[in-house]
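**Student:** Chains as they are written, first to last, in my numbering: chain A, 2 to 84; chain B, 2 to 84; chain C, 162 to 309; chain D, 162 to 309.
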Amino acid sequence: MATVVPLGKLADLAGAPSLPLPLALSTGLDWEGLKAALPAALAEALDDPRIRVAVNGALLPNKAKLQANAGDEIALLPPVSGG
Amino acid sequence: MATVVPLGKLADLAGAPSLPLPLALSTGLDWEGLKAALPAALAEALDDPRIRVAVNGALLPNKAKLQANAGDEIALLPPVSGG
Amino acid sequence: MRDIRLLDRMFIPGTLIGPFTNANPGLGGVCTFVGEVRSDTGVEALELSHYEPLTLPGMHELADRAFARFTLMGLLMVHRVGLMRPGEPIVCVSAAALHRRDAIDAVDFCMDHLKSAAWFWKREKRDGQWHWIEPREQDHSDLARWQA
Amino acid sequence: MRDIRLLDRMFIPGTLIGPFTNANPGLGGVCTFVGEVRSDTGVEALELSHYEPLTLPGMHELADRAFARFTLMGLLMVHRVGLMRPGEPIVCVSAAALHRRDAIDAVDFCMDHLKSAAWFWKREKRDGQWHWIEPREQDHSDLARWQA
């Protein structure tokens, strides 16, 4: 299992602050696989180029090259709106 | 009588924070007259173009055109050195 | 003296700034900015969310950059998260330095980055409804000032 | 809320800033700068003299210019005169505004003008000897930033 953490307004699209993602230990998860596993409204929003992705707290330079594994935390980060 | 108030380091040259200047009610005082009435070290310093003069709290645009009368307070203002 | 914090409850800036100033003896100047929730018409509450694994490390990186860029003796950077009411402080940044230019510019630099490059998401409640706040163009142009 | 003062004795900035902030309800941000007498090697005391008929009116004119140039809700400008020891506050400027840029820039503007265009003369005592402080080139270039 992996965990998806949608931040900001993506949490509204997800309907929850955290989504468990069933994932066998042996198989990884790529970007298309992630989108396929998420609620449609959230998956559609993710292609916005301003949305960043972090795996276990490390920002990905290119989210399309996501490779996540069981146990990972995948954060979906929309543009920040400041302090 | 008029009063001369030398500020900042000009007070050191004057030797006092305030100098009474004998001045008849009938006769005014011009720039050369003022310098002649002051201690030499102070008078010499006054030609520095950065030194401003105020009469009764009003800055003179051109100190060389000073016209002071009995009862006036003449302030001698060196460059400020800030807060 | 370096003090970087995320706080999930109300704080009183004065209780932080006094000790911060005293912790930097010999300073020439301290500049402090405190941001509060504005009482705009109809705003009942503001909520700031963050992502713990990025937000606090990001504030520490920002502090590193401020120390590298300006000649500072100390930096205090405190940011609220969670639910806030109008009038409550959101952020407090204070910089102590020998010279005023470093202190003022460091606060300006940190605030511009906290507003547009730190990992916070903001929504406000108006007439009982929550609305997400989008990034403002002004925030991005403020940030661009430091990229020379 | 506008509060402009010359003080001839020690003051505690925190006791001014709290009430000032509270006197501007609805503000978005408050920026404050406090300048203190630096503990430079050998400096025992600092003395600031002023010329009453020009100094306080000059501070009021500066406040007028700040209110004209920035969108401010309040401005506090307090300056010490007389004899001060290292560590004592000399100046406190605080600006309250809806937006941070106005608050920060107003403080920056007032400080630059207080340092190089206000009617104060400064001398310091080192090893028992008083020395007048000359204007610094840096102060003049700081001032030139606002003349665009």
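Glycine is no exception: its CB is placed at the ideal position from the N, C-alpha and C atoms.
Here's the rule: buried if 16 or more other CB atoms are within 10 angstroms of the residue's CB, otherwise exposed. What is residue 57(B)?
**Tutor:** The residue you call residue 57(B) lines up with position 56 of the second sequence. Residue 57(B) is exposed by the Cβ-count criterion.
**Student:** Can you have a look at residue 45(B) and say buried or exposed, based on whether 16 or more other CB atoms are within 10 angstroms of its CB?
**Tutor:** Taking the first residue of the second sequence as position 1, residue 45(B) is located at position 44. When all chains shown are included, residue 45(B) counts as exposed.
**Student:** Quick one: is residue 285(D) buried, meaning 16 or more other Cβ sit within 10 Å of its Cβ, or exposed?
**Tutor:** In the fourth sequence, residue 285(D) corresponds to position 124, counting from 1. By the neighbour-count rule (16 or more Cβ atoms within 10 Å), residue 285(D) is buried.
**Student:** Scan the segment 198–218 of chain D for residues whose Cβ lies nearer than 9 Å to a Cβ of chain B and list them as they occur along the chain.
**Tutor:** 209, 210, 211, 212, 213, 214, 215, 218
**Student:** To the nearest angstrom, how far is it from the Cα of residue 304(D) to the Cα of residue 271(D)?
**Tutor:** By 1-based counting over the fourth sequence, the position of residue 304(D) is 143. By 1-based counting over the fourth sequence, the position of residue 271(D) is 110. Distance between the alpha carbons of residue 304(D) and residue 271(D): 10 Å.
**Student:** In chain C, what lies closer than 8 Å to residue 272(D) by C-beta?
**Tutor:** Within the fourth sequence, the letter at position 111 stands for residue 272(D). Those are 261, 265, listed as they occur along chain C.
**Student:** Alpha carbon to alpha carbon, what distance is there between residue 79(B) and residue 216(C)?
**Tutor:** For the purposes of this step, residue 216(C) is taken as the residue at position 55 of the third sequence. For the purposes of this step, residue 79(B) is taken as the residue at position 78 of the second sequence. Using only the alpha carbons, I get a separation of about 52 Å.
**Student:** If you compare alpha carbons, which of 247(D), 255(D), 298(D) is closest to residue 234(D)?
**Tutor:** The residue given as residue 234(D) occupies position 73 in the fourth sequence. For the residues 247(D), 255(D), 298(D), the minimum Cα distance to residue 234(D) belongs to 255(D).
**Student:** Counting only Cβ pairs nearer than 7 Å, list the residues of chain C close to residue 188(D).
**Tutor:** The residue labelled residue 188(D) in the question sits at position 27 within the fourth sequence. For a Cβ distance threshold of 7 Å, residue set 197 of chain C lies close to residue 188(D), ordered along the chain.
**Student:** CA-CA distance, residue 278(C) and residue 163(C)?
**Tutor:** Walking along the third sequence from the start, residue 278(C) turns up at place 117. Walking along the third sequence from the start, residue 163(C) turns up at place 2. If I take the Cα positions, the gap works out to 20 Å.
**Student:** Say whether chain B places a C-beta atom closer than 8 Å to the C-beta of residue 304(D).
**Tutor:** Here residue 304(D) refers to the residue found at position 143 when the fourth sequence is read from its first residue. It does not: the Cβ of residue 304(D) has no partner Cβ on chain B nearer than 8 Å.
**Student:** Between which two residues does the beta strand (DSSP E) holding residue 178(C) run?
**Tutor:** Within the third sequence, residue 178(C) is the residue found at index 17, counting from 1. DSSP places residue 178(C) in no beta strand (DSSP E) but in the uninterrupted alpha helix (DSSP H) bounded by 174–183.
**Student:** For a contact defined as C-beta to C-beta under 8 Å, what are the partners of residue 277(D) on chain B?
**Tutor:** In the fourth sequence, the residue the question calls residue 277(D) occupies position 116. 81, 83, listed in chain order.
**Student:** Let's see if you can read the secondary structure: which residues bound the alpha helix (DSSP H) around residue 218(C)?
**Tutor:** Reading the third sequence from its first residue, position 57 is the one you call residue 218(C). Segment 213–230, the alpha helix (DSSP H) holding residue 218(C).
**Student:** Taking the alpha carbon of residue 206(C) as the reference point, which residue from 212(C), 289(C), 295(C), 275(C) has its own alpha carbon closest?
**Tutor:** Taking the third sequence and counting its residues from 1, the one referred to as residue 206(C) is at position 45. The option with the nearest alpha carbon to residue 206(C) is 289(C).
**Student:** Contact between the segment 59–73 of chain B and the segment 61–77 of chain A: three or more CB pairs below 8 Å?
**Tutor:** no
**Student:** Does the separation of the CB atoms of residue 257(D) and residue 185(D) fall below 8 Å?
**Tutor:** Counted from its first residue, the fourth sequence places residue 257(D) at position 96. Counted from its first residue, the fourth sequence places residue 185(D) at position 24. Result yes, Cβ atoms of residue 257(D) and residue 185(D) sit closer than 8 Å.
**Student:** Does chain D have any CB closer than 8 Å to the CB of residue 10(B)?
**Tutor:** Your numbering for residue 10(B) matches position 9 in the second sequence. Yes, residue 10(B) lies at the interface with chain D (some Cβ there is under 8 Å from its Cβ).
**Student:** With 8 Å as the threshold, decide whether the Cβ of residue 268(C) is near any Cβ in chain D.
**Tutor:** Counting from 1 along the third sequence, the entry for residue 268(C) is found at position 107. Judged by the 8 Å Cβ criterion, residue 268(C) is in contact with chain D.
**Student:** Go ahead and pull the three-state DSSP assignment for residue 34(B).
**Tutor:** Walking along the second sequence from the start, residue 34(B) turns up at place 33. Three-state DSSP puts residue 34(B) in a helix.
**Student:** For chain C, check one thing: does any of its Cβ atoms lie closer than 8 Å to the Cβ of residue 54(A)?
**Tutor:** For the purposes of this step, residue 54(A) is identified with residue 53 of the first sequence, where counting begins at 1. No, residue 54(A) does not count as interfacial toward chain C.
**Student:** Would you call the segment 164–183 of chain C in contact with the segment 39–54 of chain B, where contact means no fewer than 3 C-beta pairs closer than 8 Å?
**Tutor:** no
**Student:** When the Cβ atoms of the segment 196–206 of chain C are set against those of the segment 221–231 of chain C, are three or more pairs found closer than 8 Å?
**Tutor:** no
**Student:** Which parts of the segment 30–81 of chain B are runs of the alpha helix (DSSP H), unbroken and 4 residues or longer, counting only runs that do not cross its ends?
**Tutor:** The segment 30–81 of chain B contains these whole alpha helix (DSSP H) runs: 32–38, 41–46.
**Student:** Inspect the beta-carbon positions of residue 22(B) and residue 77(B) and report whether they are closer than 8 Å.
**Tutor:** Numbered from 1 along the second sequence, position 21 holds the residue referred to as residue 22(B). Numbered from 1 along the second sequence, position 76 holds the residue referred to as residue 77(B). No, the pair does not count as a contact, with Cβ atoms beyond the cut-off.
**Student:** Can you grab the Cα-Cα spacing for the pair residue 68(A) / residue 28(A), in whole Å?
**Tutor:** Residue numbering aside, residue 68(A) sits at position 67 when the first sequence is read from its first letter. Residue numbering aside, residue 28(A) sits at position 27 when the first sequence is read from its first letter. Their Cα atoms are separated by approximately 10 Å.
**Student:** Name the DSSP beta bridge partners of residue 208(C), please?
**Tutor:** In the third sequence, the residue the question calls residue 208(C) occupies position 47. According to DSSP, residue 208(C) bridges with 244(C), 284(C).
**Student:** So, residue 307(C) versus residue 9(A), is the Cβ gap smaller than 8 Å?
**Tutor:** As a first step, residue 307(C) is located in the third sequence; it is residue number 146 there, counting from the start. As a first step, residue 9(A) is located in the first sequence; it is residue number 8 there, counting from the start. No, the pair does not count as a contact, with Cβ atoms beyond the cut-off.
**Student:** Can you tell me whether DSSP reads residue 301(D) as helix, strand or coil?
**Tutor:** Taking the fourth sequence and counting its residues from 1, one reaches residue 301(D) at position 140. Residue 301(D): helix per DSSP, three-state reduction.
**Student:** Going by DSSP, which residues form a beta bridge with residue 292(C)?
**Tutor:** By one-based count along the third sequence, residue 292(C) stands at place 131. Paired residues: 285(C).
**Student:** Buried or exposed for residue 276(D), going by 16 or more other Cβ atoms inside 10 Å?
**Tutor:** Stepping through the fourth sequence from its first residue, residue 276(D) is reached at position 115. In the assembly as shown, residue 276(D) is a buried residue. Its beta-carbon has 16 or more other beta-carbons within 10 Å.
**Student:** Just the chain C side, please: which residues come within less than 8 Å of residue 76(A) by C-beta, in chain order?
**Tutor:** In the first sequence, the residue the question calls residue 76(A) occupies position 75. What residue 76(A) touches in chain C: 212, 214, 215.
**Student:** By how many angstroms is the C-alpha of residue 248(C) removed from the C-alpha of residue 265(D)?
**Tutor:** Here residue 265(D) refers to the residue found at position 104 when the fourth sequence is read from its first residue. Here residue 248(C) refers to the residue found at position 87 when the third sequence is read from its first residue. Cα to Cα, residue 265(D) sits roughly 19 Å from residue 248(C).
**Student:** Measuring straight from C-alpha to C-alpha, what distance separates residue 209(D) and residue 245(D)?
**Tutor:** Counting from 1 along the fourth sequence, the entry for residue 209(D) is found at position 48. Counting from 1 along the fourth sequence, the entry for residue 245(D) is found at position 84. One C-alpha to the other measures close to 8 Å.
**Student:** Considering Cα atoms alone, identify which of 2(B), 20(B), 31(B), 82(B) is closest to residue 43(B).
**Tutor:** As a first step, residue 43(B) must be located in the second sequence, where it is residue number 42. The option with the nearest alpha carbon to residue 43(B) is 20(B).
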